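Sequence order for the protein chains is A and Y.
According to the numbering used here, the first sequence is numbered sequentially starting from 1.
According to the numbering used here, the second sequence is numbered sequentially starting from 590.
In this text, a Cβ means the ideal position worked out from N, Cα and C, and glycines have one as well.
Keep in mind that this is a model prediction, so the values were computed, not measured.
Everything below concerns the one structure shown next.
Number of protein chains: 2
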Amino acid sequence: MMERKLAGTLTEENINQEVLLKGWVQKRRDLGGLIFIDLRDKSGLVQVVFNPDYSKEALEIANKIRSEYVIELTGEVVGREQSTINPTMKTGKIEVFVKEITILNKSNTPPFAIQDETDVSEDLRLKYRYLDLRRSPLQETFKLRHQTSQAIRNFLNNDGFLEMETPILTKSTPEGARDYLVPSRVHPGEFYALPQSPQLFKQLIMMSGFEKYYQIARCFRDEDLRADRQPEFTQIDIETSFMTSDEIMEMTERMMQQVVKEVKNIDIELPLLRMPYKEAMDRFGSDKPDTRFGLELIHVSDIMENSGFKVFQSAAQSGGKVALINVQGEAASFSRKDIDKLTDFVKVYGAKGLAWLKVEAEGLKGPIAKFLLDEEKNAIISRAEAEEGDLLLFVADKSSVVYDSLGALRLKLGKELKLIDESKFNFLWVTDWPLLEYDEALGRYFAAHHPFTSPVEADLDKLEEDPGSVLANAYDLVLNGYELGGGSIRIHKRDIQNKMFKVLGFTEEEAKEQFGFLLEALEFGAPPHGGVALGLDRIIMLLAGRTNLRDTILFPKTASASDLLTDAPSEVSDVQLEELSIQLSEKND
Amino acid sequence: MMERKLAGTLTEENINQEVLLKGWVQKRRDLGGLIFIDLRDKSGLVQVVFNPDYSKEALEIANKIRSEYVIELTGEVVGREQSTINPTMKTGKIEVFVKEITILNKSNTPPFAIQDETDVSEDLRLKYRYLDLRRSPLQETFKLRHQTSQAIRNFLNNDGFLEMETPILTKSTPEGARDYLVPSRVHPGEFYALPQSPQLFKQLIMMSGFEKYYQIARCFRDEDLRADRQPEFTQIDIETSFMTSDEIMEMTERMMQQVVKEVKNIDIELPLLRMPYKEAMDRFGSDKPDTRFGLELIHVSDIMENSGFKVFQSAAQSGGKVALINVQGEAASFSRKDIDKLTDFVKVYGAKGLAWLKVEAEGLKGPIAKFLLDEEKNAIISRAEAEEGDLLLFVADKSSVVYDSLGALRLKLGKELKLIDESKFNFLWVTDWPLLEYDEALGRYFAAHHPFTSPVEADLDKLEEDPGSVLANAYDLVLNGYELGGGSIRIHKRDIQNKMFKVLGFTEEEAKEQFGFLLEALEFGAPPHGGVALGLDRIIMLLAGRTNLRDTILFPKTASASDLLTDAPSEVSDVQLEELSIQLSEKND
Chain A
1 MMERKLAGTL
11 TEENINQEVL
21 LKGWVQKRRD
31 LGGLIFIDLR
41 DKSGLVQVVF
51 NPDYSKEALE
61 IANKIRSEYV
71 IELTGEVVGR
81 EQSTINPTMK
91 TGKIEVFVKE
101 ITILNKSNTP
111 PFAIQDETDV
121 SEDLRLKYRY
131 LDLRRSPLQE
141 TFKLRHQTSQ
151 AIRNFLNNDG
161 FLEMETPILT
171 KSTPEGARDY
181 LVPSRVHPGE
191 FYALPQSPQL
201 FKQLIMMSGF
211 EKYYQIARCF
221 RDEDLRADRQ
231 PEFTQIDIET
241 SFMTSDEIME
251 MTERMMQQVV
261 KEVKNIDIEL
271 PLLRMPYKEA
281 MDRFGSDKPD
291 TRFGLELIHV
301 SDIMENSGFK
311 VFQSAAQSGG
321 KVALINVQGE
331 AASFSRKDID
341 KLTDFVKVYG
351 AKGLAWLKVE
361 AEGLKGPIAK
371 FLLDEEKNAI
381 ISRAEAEEGD
391 LLLFVADKSS
401 VVYDSLGALR
411 LKLGKELKLI
421 DESKFNFLWV
431 TDWPLLEYDE
441 ALGRYFAAHH
451 PFTSPVEADL
461 DKLEEDPGSV
471 LANAYDLVLN
481 GYELGGGSIR
491 IHKRDIQNKM
501 FKVLGFTEEE
511 AKEQFGFLLE
521 ALEFGAPPHG
531 GVALGLDRII
541 MLLAGRTNLR
551 DTILFPKTAS
561 ASDLLTDAPS
571 EVSDVQLEEL
581 SIQLSEKND
Chain Y
590 MMERKLAGTL
600 TEENINQEVL
610 LKGWVQKRRD
620 LGGLIFIDLR
630 DKSGLVQVVF
640 NPDYSKEALE
650 IANKIRSEYV
660 IELTGEVVGR
670 EQSTINPTMK
680 TGKIEVFVKE
690 ITILNKSNTP
700 PFAIQDETDV
710 SEDLRLKYRY
720 LDLRRSPLQE
730 TFKLRHQTSQ
740 AIRNFLNNDG
750 FLEMETPILT
760 KSTPEGARDY
770 LVPSRVHPGE
780 FYALPQSPQL
790 FKQLIMMSGF
800 EKYYQIARCF
810 RDEDLRADRQ
820 PEFTQIDIET
830 SFMTSDEIME
840 MTERMMQQVV
850 KEVKNIDIEL
860 PLLRMPYKEA
870 MDRFGSDKPD
880 TRFGLELIHV
890 SDIMENSGFK
900 VFQSAAQSGG
910 KVALINVQGE
920 AASFSRKDID
930 KLTDFVKVYG
940 AKGLAWLKVE
950 AEGLKGPIAK
960 FLLDEEKNAI
970 ISRAEAEEGD
980 LLLFVADKSS
990 VVYDSLGALR
1000 LKLGKELKLI
1010 DESKFNFLWV
1020 TDWPLLEYDE
1030 ALGRYFAAHH
1040 PFTSPVEADL
1050 DKLEEDPGSV
1060 LANAYDLVLN
1070 GYELGGGSIR
1080 IHKRDIQNKM
1090 FKVLGFTEEE
1100 AKEQFGFLLE
1110 ALEFGAPPHG
1120 GVALGLDRII
1130 MLLAGRTNLR
1140 DTILFPKTAS
1150 ASDLLTDAPS
1160 EVSDVQLEEL
1170 SIQLSEKND
């Protein structure tokens, strides 16, 4: 039997060869007694021609063929005449004259055309995901996903890591996001939980003496979904013993460098920038700054502390902030109405308003200009390095609102003013995170990352007296304004872990109940260890230049966590529930 | 800072070098004012020596050190005197004289010693899995597991396969084993199921045009566990379009050949033996024959059809079988009592008894000899190629009992008589499986493999009139008497799939309800496709020469599906249940 050739790989070198092809009918055209078909397989497209001079029988069969039929054919590769060469097609210099054809399967008319660009609703595409996935951009995305996974594995394998599999049926640990639960049939009234991450298991792997672990691991969070969240997602999960945070960051960035080189052929310069959390917030209003453009926040609280403009003065005096963005050279392009729209935008982030000034030849002009002293205006101009034609946009509020609103405004303006070089891959580390966050409403501290994160050595003493000031030995990897993930050095000593749980408000009982196995393991020679976890789906999204996380997951779920293709979740039989010793709660209508 | 060296990699080439080591204290011995410690890390062991002439401070610290303490030290590599060389230790020609030491973490006395051989209960080892895993045989098993996974990936990547991830939160399909269910919070009263295998998704991937898919996939079955079953297990999952079953088997065996070569450096000869299901049953009484030894079944139903020995005659006449195993040269070593024990053994498999004859110089002797005619005896001797000193063991019953009991007896005798060459890796394919199995009790057919398996082309016509006689286009891979997995060509045409569901007793409604999305996908250009799935855990078990599947899984569960380390499953809070709109059934005491 002839060996099958792949459609998209045929070139002028195959001219005069007889080839066997199998694939799908992308498009059929009838022209002057001939039939032309674009044949598609996983490698791409080639034009095949049915000509009565070659085979009347084949032409007759071709007459019955429609889009998405699956066919097998043999034919001769022929060079096209100069005038019929298709320069937009990789195989456009040749075509295949068909001698024999078999229809392997028919197809109904698809609900949407299999083409690169489509405007049909996402719901319809998800219901017919197997048709959507035939489109070339999605085929390419999943090839890239495959390449990326293998590049990661190659790097880690060469670096002495072992790939290891941790359980999916695990114990529920309410601290953190909401767990997906799995009722146990054998133990009525008891439940497994699907892991939010392999965190505890990878620490146990270090306590098992393996020293270098990785896994491309499935994780689960039962949270209300946003556009960039999925109930199940994939994480590059790494843990090491005896390595410092510096060493882990260096290893991780070499891995990402190799991935980007292998997959995109782009060179990333190392070492990556490291930016303390506080600096990221102050300069970009974000803990995951997009450093591909400017529009940084400029702080003027000190200038406004004694200002006659009460809005600014009170924010500056009451522990809040006054900050601005200098939109250089854009004063003329923003009308009052445009600025009103920006004001509405920042209000979403809690800002009470957006003050503005335009820099004109005579000085600062705008509604708030009259409240400011000349020396205040000059100080602002000097601090903002403002020049004629610049637009200054101010928010004065408590710190979190200033960061959130100006951070979001910065991104919005960056995009709209096309300040972002989309070809750039700007990685950086954000470091020096606070270990704990205080929840005012609940009156207790929460772990900013998770309760196993180690404080930095220097702050160990402060853990009990001044927990809010303690920095974590933690680091996040950011790419183009997206958090790819992060990691930390973990606590490896029992007494420190005890203190940590105490600060988090756990009684000894509670800590033991939930994490007793880990606490015990710390007492049997747990090595110093730490690691990192990166979101694979998001990495693929950024490498593939896509904006929707669902495009990077083969069979994704909707925002209501449904699979529109298989119709999951769905009702199950009473027998199944009985076996699990559970019943449905009565509905409260 | 000095770069860390790995303990187990030090050789005479490192003599006179100063090295930095980190790891665990395997053993401490005090001798003549010196302290000797076996230091263990992931690479192995090295002896380190504390000598007051080198460092009094280090010796003092070493005094406090106990087993499983985690330490960091610098020292000088020194060649051992001839008399102190330890030939059982890879690093036994050298030792390290310690200059500085730091205790990184302490350890309580472990509940069992970290040594290669152990006789503590498995329950205790599972509770302290992180200690059990420090033992060298388990360290080696998980290195082997890593190597095996990577060898599989390397082969498939080079062969043009894409690794793709299918969902864990899927739809429940009651056909097959029992599903693990996951209640949906967003859709009260509805459930996801954890996949028993990615079967439907990998078929959908073929319908998506990817042509070559693989995944090292987690699968879940909520079944009563046996020693070689786990609630979650890992499967090498492969699917291809446009390939024949021959091509899939050839590809799979080349993959296994490469794996065994890379991991064990053993050469497997290809092509593998292919044996029809019927032949496997007839010769070995098993659909997963261990072909490393003889003791094959010998069929004598035809000889016994008109025998005066009623037990044999009625079995032969009523559609059952009479068969024997010739235990060559062992007549003298089996006493009547020994044979009684074998009789008890076959009764477990439903046999009513075990008839026997010994071949003596004068002919066949034994309790049943008197019931047989001389011509029958001669025919038996001739068929069994029996010689003086042989022991013939007979079962006469319905076919399934003859196969099961003699198949099991064959394995038992093979082991006890040490007929099995444990160094052999005997792979073979079992082919020509029946498509359907008839359940007498329920009065309906069940899919022998799953309902998507294609009949062989030649039997397509018989699917409706004589379903019991239809062969499946399916194949199982067997190694040393274990089923590693199997596969099939799938049905890719809607009308055949419809017929299949009809034969299985599904109404159109039911088929649509459960598998509507697949049936619909068959109508949009589904390509011919098929694949294979192999159990990774079992492959590791056989490659590592182990007998317990739990030793191949990092954090396994017990026979009652419990994780003794983390104590999963466990009770959850009422709030969690309320959010999921479920409640526990009241206990029926």
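8 Å contact criterion, which residue i and residue j should meet: CB distance rounded
i: Ile380 (chain A); j: Val259 (chain A); result: About 44 Å; that fails the 8 Å criterion.
i: Tyr214 (chain A); j: Ile248 (chain A); result: That pair is no contact at about 12 Å.
i: Ala323 (chain A); j: Val395 (chain A); result: 6 Å
i: Ile957 (chain Y); j: Leu943 (chain Y); result: Incorrect: roughly 11 Å between the Cβ atoms, too far for contact.
i: Ala596 (chain Y); j: Leu648 (chain Y); result: No, Ala596 (chain Y) and Leu648 (chain Y) are not in contact; Cβ-Cβ is about 20 Å, not under 8 Å.
is_contact[residue i, chain Y] using C-beta, thresh 7 Å
i: Ser590 (chain A); result: Summary: the structure shown does not reach residue 590 (chain A), with chain A confined to residues 1 through 589, and so no result is reported for it.
i: Gly189 (chain A); result: yes
i: Asp222 (chain A); result: yes
i: Asp589 (chain A); result: Annotation note: pLDDT 44 at Asp589 (chain A) (below 50); position unreliable, no value reported.
i: Asn154 (chain A); result: no
i: Glu608 (chain A); result: No information on residue 608 (chain A) is available, as it lies outside the stretch 1 to 589 that chain A covers here.
i: Glu232 (chain A); result: yes
i: Lys42 (chain A); result: yes
i: Gln583 (chain A); result: yes
i: Asn63 (chain A); result: no
i: Arg185 (chain A); result: yes
i: Phe293 (chain A); result: no
Within chain A, the residues that residue i reaches when beta carbons sit closer than 7 Å
i: Lys755 (chain Y); result: Residue 755 (chain Y) is actually Thr in this sequence, not Lys. Those within 7 Å of Thr755 (chain Y) in chain A are Leu554 and Phe555.
i: Lys732 (chain Y); result: Leu162
Cβ-heavy atom distance, residue i to the ligand ATP, below 6 Å
i: Ile238 (chain A); result: The ligand ATP is not among the ligands present in this structure, which contains no ligands whatsoever.
Proximal chain Y residues relative to residue i, where beta-carbon distance stays under 9 Å
i: Asp466 (chain A); result: Neighbours of Asp466 (chain A) on chain Y: none; closest Cβ ~26 Å, over 9 Å.
i: Val46 (chain A); result: Residues of chain Y passing the Cβ test: none, with the nearest at roughly 15 Å.
i: Pro52 (chain A); result: What Pro52 (chain A) touches in chain Y: nothing, since even the nearest Cβ is about 26 Å away.
Burial state of residue i, where buried means 16 or more other Cβ atoms lie within 10 Å
i: Glu571 (chain A); result: exposed
i: Pro289 (chain A); result: buried
i: Asp1178 (chain Y); result: Reliability fails at Asp1178 (chain Y), whose pLDDT of 44 lies under 50, so the model's placement of it is uncertain and no value is given.
i: Gly749 (chain Y); result: exposed
i: Met590 (chain Y); result: exposed
i: Lys791 (chain Y); result: buried
Neighbour flag for residue i against chain A, beta carbons, 7 Å
i: Tyr781 (chain Y); result: yes
i: Arg807 (chain Y); result: yes
i: Phe1090 (chain Y); result: no
i: Ala1030 (chain Y); result: no
i: Leu1073 (chain Y); result: no
i: Leu1108 (chain Y); result: no
Within chain Y, the residues that residue i reaches when beta carbons sit closer than 7 Å
i: Gly525 (chain A); result: Trp613, Glu657, Tyr658, Val659, Asn694 and Ser696
i: Lys90 (chain A); result: The contacting residues do not exist; Lys90 (chain A) stays about 17 Å from chain Y at best.
Chain Y residues whose Cβ lies nearer than 8 Å to that of residue i
i: Glu211 (chain A); result: Asp630 and Lys631
i: Thr591 (chain A); result: Residue coverage of chain A in this structure runs from 1 to 589, which leaves residue 591 (chain A) outside it and unanswerable.
(message) Taking contact to mean 3 or more Cβ pairs, one atom from each stretch, closer than 8 Å, check whether the region 373 to 388 of chain A and the region 437 to 455 of chain A are in contact.
(response) no
(request) Compile a chain-ordered list of the residues in the region 684 to 699 of chain Y whose CB is closer than 8 Å to at least one CB of chain B. (result) Reference to chain B is not applicable here, since the protein chains of this structure are A and Y.
(message) Could you check whether the region 800 to 817 of chain Y touches the region 1098 to 1107 of chain Y, counting it as contact only if at least three pairs of C-beta atoms, one from each stretch, sit closer than 8 Å?
(response) Segment contact: the region 800 to 817 of chain Y against the region 1098 to 1107 of chain Y, fewer than three CB-CB distances shorter than 8 Å; contact not assigned.
(request) Pair every Cβ in the region 86 to 99 of chain A with every Cβ in the region 37 to 53 of chain A, then say whether three or more of these pairs are closer than 8 Å. (result) yes
(message) Counting beta carbon pairs with one atom in the region 11 to 18 of chain A and one in the region 120 to 128 of chain A, are three or more of them shorter than 8 Å?
(response) No: fewer than three Cβ pairs fall under 8 Å.
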